[in-house]
Amino acid sequence: MEKASARVPLYSRLVVALPAGLFVWFASMVPSVAGGEAQFASIGWLPQLGVDLAFHVDGLGLLFALLITGVGTFILLYASEYMRGHPQVGRFTAFLVAFMLSMLGVVLSDNLIVLFVFWELTTLTSFLLIGYSHGDSAARRAALQSLIVTGAGALAMLAGFVLLGNAAGSYSLREMLAGDSDLAGHPAYVAMLVLVLAGAFTKSAQFPFHFWLPNAMAAPTPVSAYLHSATMVKAGVFLLARLNPVLGGTDEWGMTLTGFGAFTAVYSAAVALTRTDLKQILAYTTLMALGVCVMFIGLPQSRGADEVPLGAVAAVAFVFVHALYKAPLFMVAGTIDHSAGTRDIRSLGGLRKAMPWSLLAAALAALSMSGVPPFAGFVGKEILYSSAIGSTYGVAATAAIVTANAMIVSAALLVVAVPFLGQSPATRPTPHEGRWPMWIGSLVLGVAALGAGLFPRLAFEWLLLPAAGAVAGRQPHFEASLWHGFNLPFALSVVTLSAGALAYWQRNRLTGALGSALARLPVTGDSAYDWLMNGIARVSVVHTRIVQCGIQRRYLLIVFATLGASVLTTLVVKGVIAWPARIPDVSFVEWLLAILIAASALVTIRSHSRLMAIVALGVVGTGIALIFLLHGASDVAMTQLMVETLVVVIVAMVLLKLPGFRREVRQTGLGRWRDAIVSCVVGLTTTLVLLAVTAEPSHRRLTEYFQKTAVPEGFGANVVNVILVDFRGLDTLGEISVLALAAVSAYTLINWRPRRSARAAARSKAFPEAEGAAKPETLS
Amino acid sequence: MELINAALVGVLMASSVYLMLSRNLVRFVLGLALLSHAANLLIFTGGGITSSITSRAADGATAESDSLAQALILTAIVISFSLFTFALVLAFRTYETLETVDTDAMRAAEPEPSGHPGRTDPSGRPS
Amino acid sequence: MNTLVLRVATRILLPLILVSSIFMLLRGHNQPGGGFVGGLIASIGFSLHVFVSGAEALRRMLRTDPRWIAAVGLGVAIISGLVGPYASGTPFLTSAWTSVGGVKVGTPLVFDVGVYLVVVGAMLTFILGIKEQG
Amino acid sequence: MTWLVAGPIVVPLSAAVVTGFLMGYGGIQRLVSLCSGIALFGTAVALLTNVWNEGVTAAQIGNWPSPFGITLVADHLSAVLVLITAIIALAAIVYSFEDIERRGLATVLHPLLHALMAGVCGAFLAGDIFNLYVWFEVMLIASIGLLVVGGTRAQLDASVRYAALSLIATTLLLTGIGLLYGLTGTLNMADLHLRVQEVENEGLLTVIAVIFIVAFGIKSAVFPLFFWLPASYHTPKVTVSAVFSGLLTKVGVYALMRVFTLIFTNDIGYTHEILLWVAGFTMVTGVLGAASRNDLRRILSFHIVSQIGYMIMGLALYTPLGLLGGIFYTVHHIIVKANLFFVAGAIRRFGGSSRLARLGGLYRDAPLLAALFFIPAFSLAGFPPLSGFWAKFLLIRASMDVHEYAIAATALAVGLLTAYSMTKIWLNAFWKGRPEDAMPTRPPSRSEGFFLLAPVVGLAAITLAIGLYVQPFYELAERAAQELMHPAEYVGAVLGEDAVSGAGPSPAGPGGSGN
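Chains as they are written, first to last, in our numbering: chain A, 1 to 780; chain B, 1001 to 1127; chain C, 2001 to 2134; chain D, 3001 to 3515.
Structure follows, in structure tokens:
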């Protein structure tokens, strides 16, 4: 896999400077933001609809921006080495950078629609990144799945944003927060909530939408480390945090978030233990972390407790802690995969000697993950516990979080202890340490986790509390410290660690039990997804086979039936049917003509002889010409007669070359009745509408003008001709264009045929699709 | 007069629709010709021939129906004639190439020739 | 059908029909007639010729592809619509009239000639196309 | 300025005649064709500039006062659509240089293509409903000609279906016009706007409106009248199907927009409700059809149907924002859809097939093509920041503003399925490896690279521009929508200001005895 000899392209190293520079820039904002001064910049994009490219750096945005750029720096460095010798590294790097920038856009947008734009950009770029190994059908499937699942959520979210914007009168988050509109009391509140949560939950892979994330591990490890641990999946968490002051505080919000988050956390922590692929284990622990974040954003604090919004603090702290330990672990997993050739913990072990730096980094991260003092993970866990204890759902929430955490401790041991410290399996290639870019990032982040644990006050005051303030909507007063004394949270920490260690010790028995329990689930998200997609495919095929059957007769039947039915319905509904008031005085000639025409029309229908049909058609045309003549329309009558003559000539010329009607397979009786009914309805409605029109007063304004003007201004006594060549000359121009085009097209059609050999003809009968691809044509 | 003309338009319309619903392409083309006749007569009737008859009764002038309607019909006649002729040629060429005038048997463009309709895997796995 | 009598009759009839078609075209502005009717009459005459003497004979007689006749007709119609406006700066298809020997002559008449040519050209294209094809 | 209004008809029609004469001279014909395309583009730009600066511009053809003569009217909607038409025409001409052999089909292609443009522009500019019919017929015959030249089995089969349904549609339109004329005694659309308000039998007007819905409905391929489109669009040359995909149905949509804002607004609760239902079914049926197909052009064809639904949805909402969204969607769609067909042609050229099962490996072999597919495809699916996102957003917002949640939900769900379809193409044509029995992909020659890809690049650039710099396009659509919602300016430009303010008897004119 690794092509050690391949050069690392210069750009993939240089590009690291971009996130690094951005990190420094964002870091320089920390003091002012922590001091309560948010940065804001805005330019109009579509101001008419209140869509502005507005960016807002407050505590929450800054925390995420620092994580994105900070982790991003190391990821890009790592990727430059990891992707050495792979094809399409340039595209890969570009997508990764594009993803990073989109993610920054998400966390810094002040405008909901702009946020959505960046949100979808992360969807697109992650689609491209997950499908990087596009030769592999699993990667393609995973890419499609993530696009569909997160895309579906995003569309719901867009609807939610529009509702939200309409309710609040603005898409600007700042204005929403500042405004006093009572969104919770809005009639559409529940709809907004559901729609927005659909977006956040799919993106952050909450149960039951979680399944796409483990599948997305088909992506190269740098992508997994970045997108599926530190950043993209956090977008949903970020959104919930961002909207907490706007939409939160209600029972619906609290119950939904806590419920889904807690379930996701416990469920995925359990699944993590049953996996053997390093990346899969880490993916499920990521799901657990996301569940925890969601849960604590929504967790309602019981009244009477102090005014500290502990849930918000806990969620923010955990986001921070998780990013610091998950990215290193993923990167180390990738390094192991790179050097040992496998990620399956069953065939890994004893890497400690070969990969010391990676071991160190992994150990630091795993300790933080397990929440061992004095790492940041410990501090985070303490806050989680005290928040859970003080919540409305005290016991249940605490039980859930302790259970999940205990399993996570076990998972941390699994991913570090087994590959590095365990027995080295007999047969494997000699592992070796990766080059420095592959471990330096993990190490720095691991040390940072340690540092943040040792000096929690620093991290909290500069970063986490401003962020928590943005989540809670008010500034929390919170004293962070490593050591709180022997209290209930600490006791729970001890329980967690021991339970985790115990589970690790008994892991074979435990995973067996968990595995069989999980296998008994009747339906998984993944299988439901497949069922749905196959269902859509099947429905589409059946649906299209019905509507687009390829039989012209049926198309025409539907068109005419639609016409007849819709016009008839409207006639009846609108009560337009009107019979003529008086019995018309119709002359004998008119009667005769009418009967002749009608009879000829019927002959045309019934005739089994082509010649008879042609003659009858000619009679119809001539009869109509006579009607025109009878009413003084001599020009029309003349033209009609001439046209009729030519029609008969041409029809006779063509029709006699075609097979007769007898070869037609007769319709069944039922089909003929159906056709007859549709025809009669169309005919009847036409008659009814025409009668209604003629019953209305007639307007002769235009004709009178033409008659008055034709001679003095048009210099012609034949009004009809003056209309044709002067008053409405443009119509005539179009008309003769039609005539000329029809003639040219017909001529070409007759004289132009694809030249084909007998072989090509045979082939095209078998594959009509392939026709016309590269065939010479000639004008004969 | 308008009653009888309207009825006639209805008959022509119904006949043409019935012809078009046939599976024989030639019948379809004949139906097309009837359809344009129906449309022309409809414009003629709707455009106000009735008033011409009453005016003839009143002042004895020569029958003069709405001249704008006449011009429209003239235009429509020529257009429908062009298209009708083209349709005839098309039917002829189709017969020559596909060797049938039965529209039910014309399957060169539709449906999609595919061994496994709809079974292509969306992710592009070779099936 | 291809009898001597018909042949002779056509030889006499065709010029007559053509003359009457041009007569129809020219009187059209004042009496029933016009470019359409004229063109259609001429086409009927020509198709008679085709039936009697065959397509080849007509082609020889015309000396040009009927498609060009249609194209020329369309061109004439467009140009007639451009002349008047070019002179006066008025919209497309504005008519311009002048008097030649007491007879009013104007672009609408030229337009009608274009119509006539298009009808003849198109009809002959149809008929020759169908006739020549097997 | 009246010249500018007639220009988009006169220029291509003359070009059709001239290129018709040049049928035997491939090289010169091409040059003339290209120059005419550029001239049309120039005219269209000038027209839009004029309309932008001075408002609705009308030309009384033949210098006869309206409503007696024929009027051509360019409001913002018409002018924009004419410009887009010119852009597509130019792209198609360039594309055809490589797509179609010079001495072969191209000789007929150019005259027919220009005639088609004349018909399309004529339909966009017609201020007279019978004139609109005439241009529809010009368009129809030119399009059948383009569809059928080449004469392959599939093309003939497709042409029969196309011709059958289209001829019925235009005859039905003629019927509707005849009835409308009988009822109101006028054909000028501005005049009709005033006359229909005097019609006492409003029910009858609604009946005629329904006839127009059916007639234009067939033309614009809405449910359940769309059959001709998926039956035919995959058969002709790529150049031709690209032009068709961009323009033909949109003329039907335009006609619906025009007629159902200017004339048939007496019973909005009935007619526009019908349109809303039609829109929903059209979206769903089209996208399901696309999901069931496994051939590039067949998939894209069904998507046209689906997206017609969005445009009709904008009209059916009949609010300023709804119409704005519908117009925006139309403009976006024309560019993106034509572009996708162009790309599909390039894929077929380089990848050897247009069947998904026979394609693959283009992501590796033709990265530029991949990028050029990606932009219009995901714009079609409505992903930001491409033009399709705004189009969708505007419509969603418009429908939610008037509490039409069902149609908004449908539009969103269909958007997702569109993304699914586009991804399906992406996965199969680009990401999947080449099938083992397929020929290797062929690198494009220099001329192929230029003529096939230059139009694609240009159109993709427009898509990006609309997406990133949306405000001017929004403003244009807004103005167009305002004019549709408030026809007074349109009517004033055609009939004179008195007609609007008076709304009384009849506009100034010698024969104006009214009723």
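Ideal placement from N, C-alpha and C gives every residue a C-beta, glycine not left out. What you are looking at is a predicted structure, and each value in this text was computed from that prediction instead of being measured.
Spatial neighbours of Ser-358 (chain A) within its chain, please: CB distance less than 6 Å, with the 5 preceding and 5 following residues excluded, ordered by chain position.
Val-332, Thr-335 and Trp-439
Is DSSP giving Gln-707 (chain A) helix, strand or coil here?
helix
Does DSSP classify Asn-111 (chain A) as helix, strand or coil?
strand
Roughly how many whole angstroms lie between the Cα atoms of Leu-602 (chain A) and Arg-672 (chain A)?
15 Å
Measuring only the C-alpha atoms, how far is Ala-34 (chain A) from Ala-41 (chain A)?
18 Å
Would Leu-3156 (chain D) pass as a contact of Arg-1023 (chain B) if the rule is Cβ separation under 8 Å?
no
Name the chain A residues whose beta carbon is nearer than 7 Å to that of Asp-3099 (chain D)?
Per Cβ cutoff of 7 Å: no residues; Asp-3099 (chain D) is ~11 Å from chain A at best.
Distance check for Met-2123 (chain C) and Ile-2044 (chain C), CA to CA, integer angstroms please.
9 Å
If we call anything under 8 Å between Cβ atoms a contact, is Val-8 (chain A) one with Ser-80 (chain A)?
In this structure, Ser-80 (chain A) lies closer than 8 Å to Val-8 (chain A) by Cβ.
With Ser-3417 (chain D) and Val-3287 (chain D) assumed to form a contact (beta carbons below 8 Å), what rounded beta-carbon distance in angstroms separates them?
A small fix is needed here, since residue 3417 (chain D) is Leu in this sequence, not Ser. Right, the Cβ-Cβ distance comes to about 4 Å (below 8 Å), so this counts as a contact.
Look at the Cβ atom of Leu-3113 (chain D), then the Cβ atom of Val-3243 (chain D), and state whether they are nearer than 8 Å.
yes
For the segment 123 to 145 of chain A, which residues have a CB atom closer than 7 Å to at least one CB atom of chain D, in sequence order?
Leu-124, Gly-131, His-134, Gly-135, Arg-140 and Leu-144
Am I right that Val-3222 (chain D) and Ile-3304 (chain D) are in contact with their C-beta atoms under 8 Å? What's the rounded C-beta distance?
Contact doesn't hold; Cβ gap of about 11 Å is too wide.
What separation, rounded to the nearest whole angstrom, lies between the Cα atoms of Ala-787 (chain A) and Ile-3308 (chain D)?
One cannot answer for residue 787 (chain A) here, as it falls past the ends of chain A, which runs 1 to 780.
Please check if any C-beta of chain D sits within less than 8 Å of the C-beta of Gly-85 (chain A).
no
Between Gly-716 (chain A) and the rest of its own chain, which residues show a CB-CB distance below 7 Å, the 5 nearest in sequence each way excluded?
Closer than 7 Å at the Cβ level, and outside the excluded window around Gly-716 (chain A), lie Ala-710 and Val-722.
Kindly indicate if chain B contains any beta-carbon less than 8 Å away from that of Phe-2111 (chain C).
no
By the criterion of Cβ-Cβ separation under 9 Å, what are the contact partners of Asp-3365 (chain D) in chain B?
The premise fails here: Asp-3365 (chain D) is roughly 16 Å from chain B at the closest Cβ pair, so nothing lies under 9 Å.
When the cut-off is 8 Å and only beta carbons count, does Thr-335 (chain A) lie next to chain B?
no
Taking DSSP as the reference, what is the three-state secondary structure of Ala-774 (chain A)?
Because Ala-774 (chain A) sits at a pLDDT of 36, beneath the cut-off of 50, its placement in the model cannot be relied upon, and the following sentence gives the value as read from the coordinates. The answer is coil: DSSP assigns Ala-774 (chain A) none of H, G, I, E or B.
Phe-161 (chain A) to Leu-112 (chain A), Cα distance in whole Å?
7 Å
Hey, quick one: how far does the alpha helix (DSSP H) through Ile-551 (chain A) stretch, first residue to last?
Segment: none, Ile-551 (chain A) is in no alpha helix (DSSP H) and carries neither H nor E.
Using a C-beta to C-beta distance shorter than 8 Å, which residues of chain C count as neighbours of Gln-3155 (chain D)?
What Gln-3155 (chain D) touches in chain C: nothing, since even the nearest Cβ is about 18 Å away.
Tell me, which residues are paired with Gln-301 (chain A) by DSSP?
Answer by DSSP bridge pairing, in chain order: A:Ser-391.
With Gly-153 (chain A) as the anchor, note down where its alpha helix (DSSP H) starts and where it stops.
Looking at the DSSP string, the run of the alpha helix (DSSP H) that includes Gly-153 (chain A) is 137 to 168.
Any Cβ of chain D within less than 8 Å of the Cβ of Gly-1047 (chain B)?
yes
Just list the alpha helix (DSSP H) runs in the segment 321 to 406 of chain A, keeping only unbroken ones of 4 residues or longer that don't cross its boundaries, in chain order.
356 to 370 and 376 to 389
I want to verify the contact list: residues of chain C whose CB lies under 7 Å from the CB of Asn-3063 (chain D), in sequence order.
Thr-2090, Pro-2091 and Thr-2094
Cutting at 8 Å between CB atoms, please list the residues of its own chain near Arg-3161 (chain D), excluding the five before and the five after it.
Phe-3227, Trp-3228, Ala-3231 and Ser-3232
What does DSSP give as the partner residue(s) for Asp-1102 (chain B) in the beta ladder?
B:Asn-1024
So, under 8 Å CB-CB, Ala-3115 (chain D) and Ala-3016 (chain D) are touching, yes? Tell me the CB distance rounded to an integer number of Å.
4 Å
On the DSSP letters alone, give me the boundaries of the alpha helix (DSSP H) that Gly-669 (chain A) sits inside.
669 to 695
Counting contacts by CB-CB distance shorter than 8 Å, is Lys-708 (chain A) in contact with chain B?
no
CB-CB under 8 Å to Tyr-504 (chain A), same chain, minus the five flanking residues each way: which ones, in chain order?
Val-409, Ser-410, Leu-413, Leu-414 and Ala-417
Name the residue from D:Val-3343, D:Leu-3495 and D:Ala-3411 whose alpha carbon lies nearest to the alpha carbon of Ala-3429 (chain D).
D:Val-3343
What does the Cβ neighbour count give for Arg-2007 (chain C), buried or exposed, with the cut at 16 atoms within 10 Å?
exposed
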